[in-house]
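Quick note: the sequence shown uses this note's numbering, first residue -2, plus one each step. Even for Gly, the Cβ is constructed at its ideal location relative to N, Cα and C. All values reported here derive from a predicted model rather than from experimental measurement. Okay, structure first, notes after.
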Amino acid sequence: MGDTLEFNEIYQEVKGSWNDGRLRFSKQNVVYKSSKTGKVDSIPASELNLAQWRRVCLGHGIKLGTSTGHVYKYDGFRDTGEVENRSCNTNT
């Protein structure tokens, strides 16, 4: 589990609406699970071709793109240090 980053209270944009849930990054994939519906989106790491960190209305967010053209948007990260600190801690 040391190679996994997990974030709670993250919001996924779907057709203009925001769904809260949990986002997990690993070397194999990115997984988002909706708290409301329980629906799970899994993106294999081999399909990712874009990862863009950005400032958004809920603080900070990440935009992920796949080789098939699908774009995923996640908001609700508290600050840039949250991701940097967690990624540093996975190497210990």
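In the three-state scheme derived from DSSP, where H, G and I count as helix and E and B as strand, Ser23 is classed as coil. The Cβ neighbour count for Gln49, taken over all protein chains shown within 10 Å, is under 16; the residue is labelled exposed. Considering only Gln25, Lys36 and Asp0, the residue with the shortest C-alpha distance to Arg19 is Lys36.
Secondary-structure assignment with DSSP links Lys60 through a beta bridge to Gln49 and Lys70.
Contact between Ile7 and Tyr71 holds, since their C-beta atoms are separated by about 5 Å, short of 8 Å.
The residues Arg21, in chain order, have a CB closer than 6 Å to that of Glu3 in the same chain once the five nearest residues on each side in sequence are set aside. The alpha-carbon separation between Gln25 and Asp17 amounts to approximately 23 Å. Ser43 sits in a helix when the DSSP states are folded into three classes.
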